[in-house]
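Trainee: Numbering (the UniProt record's numbering), first residue to last: 1 to 217.
Provided herewith is a single structure, encoded as structure tokens, for subsequent inquiry.
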Amino acid sequence: MKLNVIVPGLVPYEEALQWQYDLVEKRRNGLIDDTLILLEHPPVLTTGRRQQDHNILIDPASKNIPVIKTNRGGEVTYHGPGQLVGYLIVDLSSFSRRVKQFVYNLEDVFVRYLNHEFAIQAERHDKHRGVWVGEDKITAIGLAIEREITMHGFAFNINTDLDPFQWIIPCGIQDKGVTSLEKLTGKTQDMNLVIPAIAEIYKEIYGYESMEIIHGK
Numbered sequence: 001m002k003l004n005v006i007v008p009g010l011v012p013y014e015e016a017l018q019w020q021y022d023l024v025e026k027r028r029n030g031l032i033d034d035t036l037i038l039l040e041h042p043p044v045l046t047t048g049r050r051q052q053d054h055n056i057l058i059d060p061a062s063k064n065i066p067v068i069k070t071n072r073g074g075e076v077t078y079h080g081p082g083q084l085v086g087y088l089i090v091d092l093s094s095f096s097r098r099v100k101q102f103v104y105n106l107e108d109v110f111v112r113y114l115n116h117e118f119a120i121q122a123e124r125h126d127k128h129r130g131v132w133v134g135e136d137k138i139t140a141i142g143l144a145i146e147r148e149i150t151m152h153g154f155a156f157n158i159n160t161d162l163d164p165f166q167w168i169i170p171c172g173i174q175d176k177g178v179t180s181l182e183k184l185t186g187k188t189q190d191m192n193l194v195i196p197a198i199a200e201i202y203k204e205i206y207g208y209e210s211m212e213i214i215h216g217k
């Protein structure tokens, strides 16, 4: 199997959402290989399928930040520059349609990366999806499956401004925090180094035979 990795830079959320739908249809029709998009978004709050007004603590208009409802799982989260967002356009039939294992593998990408590259003890949580360092989440995960093709994926806080997470109850979890790689290491990280490293670990964990990284849309 081949994996395409697309790195388009900063893309508005609504544009990326429509792009995902287009790619899902192409993947379903066999026009493209499995695809991992690695990008950043301008500041935005996104929600899953359920109503999230109770988890948004400010008037978004006061911060000039849009709120966009999506078809993914999970609750409200923040996206912004410095956060690596990954969208997975994958045919689950290649993975025996095992959704739980697929998500477990996705968490493992970041557990491995943080442990191996930074000796950061990253772990799964027994009650909450995502990847955690102590009581703080560093990678949020939320997928949607459209007739066996996945979309959405993860949000990995690298150099993310963490202040906007005070505007919400992230992922609807009141008693946990949020952290970033920059906060944990005390230095700003080079996204140009993080992106290929994450892509390579993803390729290995999911068992792709080859990978092509494409810069730009």
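Even glycine gets a Cβ: it sits at the ideal position worked out from N, Cα and C.
Round the Cβ separation of Ile109 and Tyr202 to the nearest angstrom and send it over; I've been treating them as touching at under 8 Å.
Mentor: Position 109 of the sequence shown, counted from the start, is the residue given in the question as residue 109. Position 202 of the sequence shown, counted from the start, is the residue given in the question as residue 202. The residue asked about is misnamed: residue 109 is Val in this sequence, not Ile. Going by Cβ atoms, the distance from Val109 to Tyr202 rounds to 5 Å, so yes, they are a contact pair.
Trainee: In this structure, how does DSSP classify Tyr78 when only helix, strand and coil are distinguished?
Mentor: Locating residue 78 in the sequence shown gives position 78, counting from the first residue. Strand at Tyr78.
Trainee: In whole angstroms, give me the CA-to-CA distance for Ile168 and Val67.
Mentor: Working through the sequence shown from its first residue, we reach residue 168 at position 168. Working through the sequence shown from its first residue, we reach residue 67 at position 67. Roughly 11 Å between the two C-alpha positions.
Trainee: Check whether the region 40 to 54 touches the region 121 to 133, taking contact to mean three or more Cβ pairs, one atom from each stretch, closer than 8 Å.
Mentor: Because the criterion of three Cβ pairs below 8 Å is not met, the region 40 to 54 and the region 121 to 133 do not touch.
Trainee: Using 7 Å as the threshold, is the C-beta distance between Ile145 and Thr179 below it?
Mentor: Stepping through the sequence shown from its first residue, residue 145 is reached at position 145. Stepping through the sequence shown from its first residue, residue 179 is reached at position 179. No, the pair does not count as a contact, with Cβ atoms beyond the cut-off.
Trainee: Spell out the partners DSSP gives Lys2 in its beta bridges.
Mentor: Stepping through the sequence shown from its first residue, residue 2 is reached at position 2. Partner(s): Ser210.
Trainee: Which residues in the same chain have their Cβ closer than 6 Å to the Cβ of Gln83, if we skip the five residues on either side of it in sequence?
Mentor: As a first step, residue 83 is located in the sequence shown; it is residue number 83 there, counting from the start. Only Ala155, Asn157, Thr160 meet the Cβ criterion.
Trainee: Excluding the 5 residues flanking Glu182 on each side, which residues of the same chain have their C-beta closer than 7 Å to its C-beta?
Mentor: Walking along the sequence shown from the start, residue 182 turns up at place 182. Hits under 7 Å: Ile158, Asn159, Thr188, Gln189.
Trainee: If we ignore side chains and look at the alpha-carbon of each, how far apart do Leu88 and Asp59 end up?
Mentor: Locating residue 88 in the sequence shown gives position 88, where the first residue counts as 1. Locating residue 59 in the sequence shown gives position 59, where the first residue counts as 1. Roughly 31 Å separates the two Cα atoms.
Trainee: According to DSSP, which residues form a beta bridge with His152?
Mentor: Here the question's residue 152 lines up with position 152 in the sequence shown. DSSP lists Leu143 as partners of His152.
Trainee: Near Ile37, which residues of its chain fall below 6 Å by C-beta distance, leaving aside the five closest residues on each side in sequence?
Mentor: Here the question's residue 37 lines up with position 37 in the sequence shown. Ile6, Tyr87, listed in sequence order.
Trainee: Excluding the five sequence neighbours on either side, which residues of its own chain have a C-beta within less than 6 Å of the C-beta of Pro43, listed in chain order?
Mentor: What you label residue 43 is simply residue 43 of the sequence shown in a count that begins at 1. So the list reads Ile65, Gly80, once near-sequence residues are dropped.
Trainee: Does the beta carbon of Leu92 fall short of 6 Å from some heavy atom of the ligand MG?
Mentor: For the ligand MG, the structure offers nothing, since it holds no ligand at all.
Trainee: Can the beta-carbon of Val204 be found closer than 7 Å to that of Asn4?
Mentor: Position 204 of the sequence shown, counting from 1, holds the residue named residue 204. Position 4 of the sequence shown, counting from 1, holds the residue named residue 4. Looking at the sequence itself, residue 204 is Glu, so the reference to Val does not match. Cβ distance not < 7 Å, so Glu204 and Asn4 don't count as in contact.
Trainee: With 16 other CB atoms within 10 Å as the buried threshold, where does Leu162 fall?
Mentor: Here residue 162 refers to the residue found at position 162 when the sequence shown is read from its first residue. By the 10 Å Cβ count, Leu162 comes out buried.
Trainee: Once you ignore the five residues that flank Val133 on each side, which residues in its own chain have a CB closer than 8 Å to its CB?
Mentor: Counting from one through the sequence shown, the residue named residue 133 turns up at place 133. The answer, listed in chain order, is Leu114, Ile120, Gln121, Ala122, Glu123, Thr179, Leu184.
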